[in-house]
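Scroll down for the structure; my scribbles are underneath it.
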Amino acid sequence: MAREEERRFLRRELHDGLGPGLAAIGLRLDVIAAKAPPELAPSVAGVRDLTQSLVADVRRMVHDLRPAALDELGLVGALEDLALGPERGPDISVRTPDGPLPGLSAAVEVAAYRIVQEALTNALKHAQAREVVITASARGDRLRLQVADDGRGLPEEIREGVGSGSMRERAVELGGELVRRPRAEGGTMVEAELPL
1 MAREEERRFL RRELHDGLGP GLAAIGLRLD VIAAKAPPEL APSVAGVRDL TQSLVADVRR
61 MVHDLRPAAL DELGLVGALE DLALGPERGP DISVRTPDGP LPGLSAAVEV AAYRIVQEAL
121 TNALKHAQAR EVVITASARG DRLRLQVADD GRGLPEEIRE GVGSGSMRER AVELGGELVR
181 RPRAEGGTMV EAELPL
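Mapping to UniProt numbering: the sequence shown position 195 is 195, numbers consecutive.
Shown next as structure tokens:
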């Protein structure tokens, strides 16, 4: 949990501090380039290229630290954003039957997002589903997530792949649990419970 809180802090610092600072340096270099004598143009262009490269590195680090959608949209909005991703394929919906979610720690937000992201990816790649329903609800001291599809279901012999293992590890790391099972009406259900 401390790691994810630190990642949230670092992301904010990089996004709100270093990133804009480097962008401002780039703008000032444009002004300098416009007024500088021609013999300085290669040097200014070199510094400008370096600055642009650093801005790109900061953007990449910000993205890798924590999904931007969580900070911009919150967990439910980020899940809805995931649902908008595929142009073709199944109908994907996000539901919060118990109303808005409470404030979540950075660790729970990231784990929930990544678990749903992987379950949705699996449904889109392998299930040949017509519909996927993502449900998020908070009951008592647990966040409950479900990703249900109406696709072809799980194979008879279920092997834990990298993605499935990653989902389970994220849940267990926080003291939660994750179950993948076939649905009685066809398709697959991924259920995760995470402590709030």
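Just so you know, even glycine gets a beta-carbon here, dropped at the ideal spot from N, CA and C.
Burial state of residue i (16 or more Cβ within 10 Å)
i	result
LEU84	exposed
GLY99	exposed
VAL31	exposed
LEU65	buried
GLY21	exposed
GLY186	exposed
LEU174	buried
GLU13	exposed
LEU27	exposed
ALA2	exposed
C-alpha gap between residue i and residue j, whole angstroms
i	j	result
GLN117	ALA56	25 Å
PRO90	LEU124	8 Å
VAL132	ALA24	44 Å
GLY74	HIS15	17 Å
LEU10	THR51	20 Å
ASP71	GLU39	45 Å
LEU104	ALA41	50 Å
ARG142	GLY176	9 Å
GLU191	ALA68	24 Å
Short Cβ contact (7 Å threshold) for residue i with residue j
i	j	result
ALA36	VAL44	yes
VAL94	LEU79	yes
ALA138	PRO97	no
ILE115	MET167	yes
ALA112	LEU82	no
GLY151	ALA127	yes
ALA184	LEU178	no
ALA129	MET189	no
ALA106	GLU169	no
Delimiting residues of the alpha helix (DSSP H) encompassing residue i
i	result
ALA112	106 to 122
THR51	41 to 65
LEU70	68 to 84
PRO20	19 to 35
Unbroken beta strand (DSSP E) run spanning residue i, endpoints
i	result
LEU178	177 to 182
ARG95	91 to 95
ASP149	142 to 149
PRO195	188 to 195
ARG139	131 to 139
Cβ of residue i within 7 Å of any chain E Cβ
i	result
GLN128	Among the protein chains of the structure shown there is no chain E, as only one such chain exists.
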